[in-house]
Every structure is written in structure tokens, then in C-alpha cells.
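Undergrad: Have a look at the structure that comes next, please.
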Amino acid sequence: MCGIVGLFLKDESLAPQLGEMLTDMLVTMTDRGPDSAGIAIYGDETPGMAKLTVQSPDPARDFAGLDTDLGAAIGAEVTMSVRDTHAVLTLPAPLLDEARSTLRSLRPDLRSMSRGSRIEIYKEVGLPRDVAARFDLRSMGGSHGIGHTRMATESAVTTMGAHPFNTGMDQCLVHNGSLSNHNALRRKLRRLGVEIETENDTEVGAAYLTWRMQQGASLGEALESALADLDGFYTFVVGTEDGFGVLRDPIACKPAVMAETDQYVAFGSEYRALVNLPGLDNARIWEPEPATVYFWTRNGMRTREAA
Amino acid sequence: MQTIDLEADGLRHLNATLQSQVAETNQTAWEILNPRGAHAIAVGLDAPIEVTVKGSTGYYCGGMNSQATVHVEGSVGPGVAENMMSGTVIIDGDASQYAGATGHGGTLVIKGNASSRCGISMKGIDIIVHGNVGHMSAFMAQSGNLVVCGDAGEALGDSIYEARLFVRGSVKSLGADCIEKEMRPEHLTLLAELLERGGCDAKPEEFRRYGSARQLYHFNIDNAY
Numbered sequence: 063m064c065g066i067v068g069l070f071l072k073d074e075s076l077a078p079q080l081g082e083m084l085t086d087m088l089v090t091m092t093d094r095g096p097d098s099a100g101i102a103i104y105g106d107e108t109p110g111m112a113k114l115t116v117q118s119p120d121p122a123r124d125f126a127g128l129d130t131d132l133g134a135a136i137g138a139e140v141t142m143s144v145r146d147t148h149a150v151l152t153l154p155a156p157l158l159d160e161a162r163s164t165l166r167s168l169r170p171d172l173r174s175m176s177r178g179s180r181i182e183i184y185k186e187v188g189l190p191r192d193v194a195a196r197f198d199l200r201s202m203g204g205s206h207g208i209g210h211t212r213m214a215t216e217s218a219v220t221t222m223g224a225h226p227f228n229t230g231m232d233q234c235l236v237h238n239g240s241l242s243n244h245n246a247l248r249r250k251l252r253r254l255g256v257e258i259e260t261e262n263d264t265e266v267g268a269a270y271l272t273w274r275m276q277q278g279a280s281l282g283e284a285l286e287s288a289l290a291d292l293d294g295f296y297t298f299v300v301g302t303e304d305g306f307g308v309l310r311d312p313i314a315c316k317p318a319v320m321a322e323t324d325q326y327v328a329f330g331s332e333y334r335a336l337v338n339l340p341g342l343d344n345a346r347i348w349e350p351e352p353a354t355v356y357f358w359t360r361n362g363m364r365t366r367e368a369a
Numbered sequence: 443m444q445t446i447d448l449e450a451d452g453l454r455h456l457n458a459t460l461q462s463q464v465a466e467t468n469q470t471a472w473e474i475l476n477p478r479g480a481h482a483i484a485v486g487l488d489a490p491i492e493v494t495v496k497g498s499t500g501y502y503c504g505g506m507n508s509q510a511t512v513h514v515e516g517s518v519g520p521g522v523a524e525n526m527m528s529g530t531v532i533i534d535g536d537a538s539q540y541a542g543a544t545g546h547g548g549t550l551v552i553k554g555n556a557s558s559r560c561g562i563s564m565k566g567i568d569i570i571v572h573g574n575v576g577h578m579s580a581f582m583a584q585s586g587n588l589v590v591c592g593d594a595g596e597a598l599g600d601s602i603y604e605a606r607l608f609v610r611g612s613v614k615s616l617g618a619d620c621i622e623k624e625m626r627p628e629h630l631t632l633l634a635e636l637l638e639r640g641g642c643d644a645k646p647e648e649f650r651r652y653g654s655a656r657q658l659y660h661f662n663i664d665n666a667y
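Next up, the structure:
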């Protein structure tokens with residue numbers, strides 16, 4: 063089944079509570095997906111700096127001295143913040159690509175979760191409640207975030223098979239459904255030089271969007287073309303540096319409920335994921351139409367001062 | 443009035459209590475508090491009781507209903523009143539996918555909009571929707587009536603057998619073997635009764651009727667065994 067949640071704040075005063083609200087939504091969706099859970103959260107930005115979130119199967123070994131070692135290798139100051147198996151490395155944005163390739167030799171077992179100016183992705187196998195506790199997701203603030211509880215269908219239950227998938231700088235995607243043409247599409251994208259690490263169908267969907275955007279499409283255009291090129295069932299929720307979007311396939315078998323108030327836009331696979339949100343009783347609540355891209359951006363609101 | 447707080451008492455208690463009511467019960471009015479989008483609320487009822495759900499529900503509310511009247515003061519998730527046999531289910535808000543699916547009888551009233559596949563494979567149920575219905579509504583419908591006071595989405599009545607579909611607004615497209623049909627006096631009479639039962643103030647003359655062209659495989663005598 064899989065469960066998806068998303069929360070995009072319009073009211074900045076809620077920013078410190080983003081992690082708490084999103085975690086409640088995520089844990090409510092446990093029985094849609096008890097295999098793994100993940101969250102992408104858009105928090106603070108330091109001008110000129112980039113964030114690289116990495117995961118290690120052996121954090122004690124890999125994270126020891128990592129900031130110093132990476133800093134020495136790329137000739138810049140690197141700061142590190144560790145949460146359980148994940149670490150967020152903050153470094154000068156122009157050195158991001160160099161840092162990523164350096165890490166491959168410096169700490170070969172590290173896996174990249176996300177990169178961007180504001181995004182951090184945390185995901186692991188296990189019950190959503192336990193995953194949320196390991197990363198202390200409740201303590202996190204930010205402007206928006208998306209989360210996923212996974213019931214594995216198309217690939218193994220692994221950290222890398224968990225959602226969200228990072229699809230480019232500050233971009234990520236979660237998926238409920240299953241793609242039926244992912245093997246053919248994976249072969250095609252790999253031939254075109256797109257990096258795809260797992261046998262997971264969603265990663266193919268994510269990689270497809272990245273590829274389209276590398277060709278010059280906007281996220282909206284990439285999502286539009288996904289309607290033609292992705293076969294199967296999907297409800298996608300996507301995050302960008304300053305935006306939040308939803309797309310359902312034309313058949314729209316996979317459930318989706320949205321709620322909007324003056325304070326936020328929220329997405330849930332089911333209504334009950336939304337019930338604890340403030341002012342839900344007065345929210346506009348609706349089911350997104352099939353084959354229709356929905357997208358919200360900060361629209362001139364101050365986005366970079368989130369807690 | 444009997445009250446059950448779903449949060450305090452749990453779903454199993456709620457359904458066991460409602461399902462154990464016999465036809466002669468004196469406890470005819472029930473109120474369910476704190477539904478909070480929970481699934482399978484008030485399913486499998488088989489007594490002439492009235493159940494009011496104070497809020498929105500998740501999947502399969504009022505499923506398999508016989509005799510009872512279930513009134514949801516909110517919206518409902520997928521599969522409301524699925525496989526209903528008799529009785530009435532009334533939704534004040536919107537309904538998600540496949541509302542009234544495979545229903546054999548009874549009345550389902552949706553005062554808001556219904557989503558895709560409303561009345562899929564309906565087998566005798568009457569569904570009255572005050573708002574719109576989504577794509578593939580009444581797909582493979584076999585018997586009963588679907589009344590839509592608003593608009594219908596794509597592929598209305600795809601592969602329909604014998605159900606009657608009445609739509610007041612626009613129809614985005616008709617599905618395979620579904621055609622517009624003449625509105626005869628008996629249909630106007632039937633529709634007037636359905637609209638009254640559904641609490642709609644629309645006029646029967648404003649509606650168009652759709653149904654089966656009877657051209658698909660099973661209607662062709664050459665395909666009989």
C-alpha cells in the first residue's frame with residue numbers, strides 16, 4: 063500500500079513544529095507501510111553553503127573525523143551534524159560535486175541520501191515510530207517536508223529502497239503505487255548515463271524526473287511528461303527548495319487527500335493522517351484529480367528563515 | 443440515544459455492539475463520536491437502527507449494510523457502503539473512490555461530490571449524488587440507479603449492463619457501450635422519487651438518462667453457451 067504524508071507551511075510561526083506535525087502524520091500511516099520510513103525536511107539554509115546528507119551502515123567508524131577528513135581533502139571547512147546512521151555535512155556549495163566524489167574514496171561505505179541547500183533526508187528500515195525516534199524527527203523545524211511509510215512491493219526492504227528519493231538539488235519524491243515499466247525505463251536511463259543505484263521502481267521514477275529536468279524541463283513539465291512515460295500506478299508527492307507538489311496517475315487508484323488552510327497545505331494517503339493538524343475542521347479538504355499536477359511555492363514569502 | 447466513543451471504546455467494540463442489535467431492539471438511535479478517519483465504521487449492520495457518525499471516516503464506512511440508516515456528518519474515504527444490501531447511508535460531505543460499489547440494494551446519498559468509480563459494479567443499489575462523480579463511475583453497473591446532480595467524469599458507465607444513470611450536468615465522456623437514452627415518463631416518475639428520497643430539489647426534467655447499448659459480448663446471442 064505505502065503511506066505518504068506532506069506538509070507545506072504558509073504560516074512561518076508553525077516552522078518549529080514542522081517535525082512534530084509531520085511525525086504524527088507519518089506514524090499514523092504505519093499500517094499502510096511498516097517496512098521502512100523516511101522523511102525529507104526543508105530547514106535552514108546558510109548562504110553559499112550546501113548540505114549533503116549521508117548514511118552509514120557503521121556510523122561509529124565512518125563518521126569519526128569525517129568533517130576534518132573531508133575538509134582537508136577539499137580544502138574547505140566542513141561541519142557535520144550526526145543523527146543516528148545519518149550525518150549532514152555542510153560545505154561550500156561550489157565544492158559539492160568534488161565532495162561527493164571525494165567521499166567515495168574517503169568513506170566507500172557511505173551512501174548519499176540527499177543534496178541541496180536546505181533539504182535533509184532521513185530514512186531507514188523499521189516501523190515509522192522507531193525510525194522517527196532514531197532520528198528525533200520531532201525536534202526538527204522547517205518550512206515543509208514530506209514523508210513515506212513503505213510496504214515493499216517491487217524491491218527489497220533496504221535503507222536505499224526506502225523513500226524519499228533525492229532527484230536533484232533540493233528535490234525529492236515519495237511514491238505510493240508501483241510502476242510496471244521500471245525495468246525498461248531503468249535500462250534506458252542508464253544507457254543515457256543517469257545514475258540509478260537500486261532495483262526500486264520509485265528510484266526509476268525519481269531518476270526520470272531528474273533526467274527530464276537536466277534536459278531543461280521545469281519540475282512541472284517533468285511531471286507532465288511522467289504522465290506519458292511512466293506506466294503503472296502512482297501518487298507522487300514531490301518537494302523542491304521552495305515548493306511542494308502532487309501528481310496522481312490517470313487511473314488514480316492510489317488514495318490521496320489534501321487539506322488547505324491559511325496556515326498550511328497538507329497531503330495524506332488517508333484523511334486520518336491529517337486529523338491532528340491545527341484548524342483541520344475549517345480546512346478546504348479535497349481529493350486531487352487524476353493526471354493533474356498540483357504545486358505550491360512560497361510565492362514571495364520569506365522562505366529562508368525557517369527555524 | 444446510545445453513544446459510543448470510538449477513541450475510548452475501540453472499533454471492535456463499536457461494530458460488535460451495533461451488529462448485535464436485533465430487529466426488535468429498543469436501542470434504535472446510536473451516535474459515534476471521534477471517528478477521526480478510522481476505517482470500517484458501522485459495517486455489517488443488520489437491524490433497523492439509526493447510526494449517526496459525528497465526523498469524517500476512512501475506508502468502508504457502512505459496508506455490507508442491511509436495514510440500518512447510517513448518517514455521516516462529515517466526509518468518507520474509499521468504499522463507503524460497499525456491497526450494501528438494504529437500508530440507507532447518507533454522507534453530508536464528499537465520498538472518495540468506489541462509493542456504493544457492488545451494492546445490491548438500499549440507498550446511498552452523497553451530499554457533496556463522489557470521486558472515481560462511484561457505483562462500480564452496482565447490482566441494485568440506488569445512489570444519489572448531489573455534486574459530481576469522478577471517472578469510470580458505474581463501471582460494469584448491472585442494476586439500480588445512479589443519480590448525479592452535478593457533472594460526471596470520463597468513461598461514465600463503461601461496459602454497463604442494465605443500470606440507469608441520470609446526470610443533470612455535463613458528462614466528460616461515455617465509456618464503452620454506454621449511450622444516452624430517451625427519458626420516458628416512467629423515468630421521470632422514477633427520478634422524481636429518487637430525488638425526493640435523496641433530499642435533492644433538482645427537477646427530473648433537467649436530467650439526461652444514460653444506459654447500456656447492449657452491444658458488448660454478453661448481449662450477443664451468438665456468444666451464448
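So the protein lines, in turn, are chains A and B. Counting the first sequence from 1 gives a position; the working numbering is that position plus 62. Counting the second sequence from 1 gives a position; the working numbering is that position plus 442. Every residue, glycine too, gets a C-beta built ideally from N, C-alpha and C.
Kindly list the residues whose CB is nearer than 6 Å to the CB of B/VAL571, restricted to its own chain and excluding five residues on each side of it in sequence; keep chain order.
TA: Closer than 6 Å at Cβ, skipping near neighbours: ILE552, ALA556, VAL590.
Undergrad: Grouping DSSP H, G and I as helix and E and B as strand, with all else coil, what is B/SER420?
TA: Residue 420 of chain B falls outside the range modelled here, since chain B spans only 443 to 667, and no answer is possible.
Undergrad: What are the boundary residues of the beta strand (DSSP E) that includes A/GLN233?
TA: A/GLN233 -> beta strand (DSSP E) spans 233-241.
Undergrad: Does any CB atom of chain A fall closer than 8 Å to the CB of B/GLY519?
TA: By this cut-off, B/GLY519 is an interface position.
Undergrad: B/ALA634 to B/ARG626, Cα distance in whole Å?
TA: Straight-line Cα distance between these residues: approximately 12 Å.
Undergrad: What residues in the region 546-565 of chain B bring their beta carbon closer than 8 Å to a beta carbon of chain A?
TA: Listed by position along the chain: SER557, SER558.
Undergrad: Tell me, which residues are paired with A/TRP358 by DSSP?
TA: Paired residues: A/PHE306.
Undergrad: Kindly list the residues whose CB is nearer than 6 Å to the CB of A/THR220, restricted to its own chain and excluding five residues on each side of it in sequence; keep chain order.
TA: Cβ neighbours of A/THR220 beyond the five flanking positions: none.
Undergrad: Chain A beta carbons: is any one of them nearer than 8 Å to that of B/GLY479?
TA: Closer than 8 Å: yes.
Undergrad: Could one say the Cβ of A/ALA369 lies closer than 8 Å to chain B's Cβ atoms, at least one of them?
TA: Residue placement at A/ALA369 is flagged as unreliable, the pLDDT there being 23, under the threshold of 50; the coordinate-derived value follows with that caveat. So, not an interface residue.
Undergrad: For the structure I just gave you, are there three or more beta carbon pairs, one from the region 146-155 of chain A and one from the region 108-128 of chain A, closer than 8 Å?
TA: Yes, the region 146-155 of chain A is in contact with the region 108-128 of chain A.
Undergrad: Give me the Cβ distance between B/GLY554 and B/GLU524, rounded to the nearest whole Å; I'm assuming they're in contact under 8 Å.
TA: About 18 Å; that fails the 8 Å criterion.
Undergrad: Quick check on A/ARG364 - is its C-beta less than 8 Å from some C-beta in chain B?
TA: Residue confidence is low: A/ARG364 scores 35 on pLDDT, short of 50, so the model does not pin down where it sits. No coordinate-derived value is stated.
Undergrad: Mark B/ARG656 as exposed unless 16 or more other C-beta atoms lie within 10 angstroms of its C-beta, in which case mark it buried.
TA: Counting Cβ neighbours within 10 Å, B/ARG656 comes out exposed, since fewer than 16 surround it.
Undergrad: From the beta carbon of B/GLY500, is the nearest beta carbon of chain A less than 8 Å away?
TA: Judged by the 8 Å Cβ criterion, B/GLY500 is in contact with chain A.
Undergrad: Going by the DSSP bridge assignment, what does A/LEU151 pair with across the sheet?
TA: Its beta-bridge partners are A/LEU114, A/MET142.
Undergrad: Give me the subset of the region 93-108 of chain A whose CB atoms are less than 7 Å from a CB atom of chain B, sorted by chain position.
TA: Listed in sequence order: no entries.
Undergrad: Touch check for the region 253-262 of chain A and the region 316-330 of chain A: three-plus C-beta pairs under 8 Å?
TA: No: fewer than three Cβ pairs fall under 8 Å.
Undergrad: Can you give me the Cβ contacts of A/ARG364 inside the same chain, cut-off strictly under 6 Å, excluding the 5 residues immediately before and after it?
TA: Reliability fails at A/ARG364, whose pLDDT of 35 lies under 50, so the model's placement of it is uncertain and the value that follows must be treated cautiously. The answer is none, since no qualifying residue turns up.
Undergrad: Give a yes or no on whether 8 Å exceeds the smallest Cβ distance from B/HIS670 to chain A.
TA: The shown model of chain B, from 443 to 667, leaves out residue 670 of chain B, and the question about it has no answer.
Undergrad: Here's the rule I'm using: 16 or more other beta-carbon atoms within 10 Å means buried, otherwise exposed. How should A/GLU367 be labelled?
TA: The pLDDT assigned to A/GLU367 is 28, lower than 50, so where the model puts this residue is not dependable; a value taken from the coordinates is nonetheless given after this. With fewer than 16 Cβ atoms within 10 Å of its Cβ, A/GLU367 is classed as exposed.
Undergrad: Going by C-alpha distance, which of B/GLY617, B/ALA605, B/GLU604 is nearest B/HIS577?
TA: Comparing Cα positions, the closest option is B/GLY617.
Undergrad: Determine the direct distance from the alpha carbon of A/THR229 to that of A/GLU303, and round the result to whole angstroms.
TA: Those two C-alpha atoms are separated by around 12 Å.
Undergrad: Is A/SER176 helix, strand or coil when you go by DSSP?
TA: In the structure shown, A/SER176 sits in a strand (DSSP, three-state: E or B).
Undergrad: Where do the N-terminal and C-terminal ends of the beta strand (DSSP E) with B/GLY566 fall, by residue?
TA: B/GLY566 -> beta strand (DSSP E) spans 565-571.
Undergrad: Select from the region 527-539 of chain B all residues with a C-beta closer than 9 Å to any C-beta belonging to chain A, and list them in chain order.
TA: The residues in question are GLY535, ASP536, SER538, GLN539.
Undergrad: For A/SER163, which of helix, strand or coil comes out of DSSP?
TA: Helix at A/SER163.
Undergrad: Are there three or more Cβ pairs, one per stretch, closer than 8 Å when the region 317-325 of chain A is compared with the region 342-358 of chain A?
TA: Yes: the two stretches touch, three or more of their Cβ pairs being nearer than 8 Å.
Undergrad: Determine whether the beta carbon atoms of B/SER498 and B/VAL518 lie at a separation below 8 Å.
TA: Cβ atoms of B/SER498 and B/VAL518: closer than 8 Å.
Undergrad: Provide the residue(s) that pair with A/TYR104 in DSSP beta bridges, ordered along the chain.
TA: Per DSSP, A/ILE181, A/HIS206.
Undergrad: I'd like to confirm the pairing. Which residues does DSSP put opposite A/VAL256 in its beta bridges?
TA: Answer is none; A/VAL256 lacks a bridge partner.
Undergrad: Helix, strand or coil: which one does DSSP assign to B/SER498?
TA: Coil, per DSSP.
Undergrad: Which residues, taken in chain order from the region 317-335 of chain A, show a beta carbon closer than 7 Å to some beta carbon of chain B?
TA: The region 317-335 of chain A vs chain B, Cβ under 7 Å: PRO317, GLU332, TYR333, ARG334.
Undergrad: Taking 8 Å as the threshold, find out whether the region 306-314 of chain A comes into contact with the region 527-538 of chain B through three or more Cβ pairs.
TA: Not touching, per the Cβ criterion.
Undergrad: Among residues of its own chain, excluding the 5 on either side of A/LEU289, which ones have a beta-carbon nearer than 6 Å to its beta-carbon?
TA: Once the five neighbours on either side are set aside, the close Cβ partners of A/LEU289 are ALA353.
Undergrad: So, are the CB atoms of A/PHE69 and A/MET87 less than 8 Å apart?
TA: Residue identity check: residue 69 of chain A is Leu in the sequence provided, not Phe. Going by C-beta atoms, A/LEU69 is nearer than 8 Å to A/MET87.
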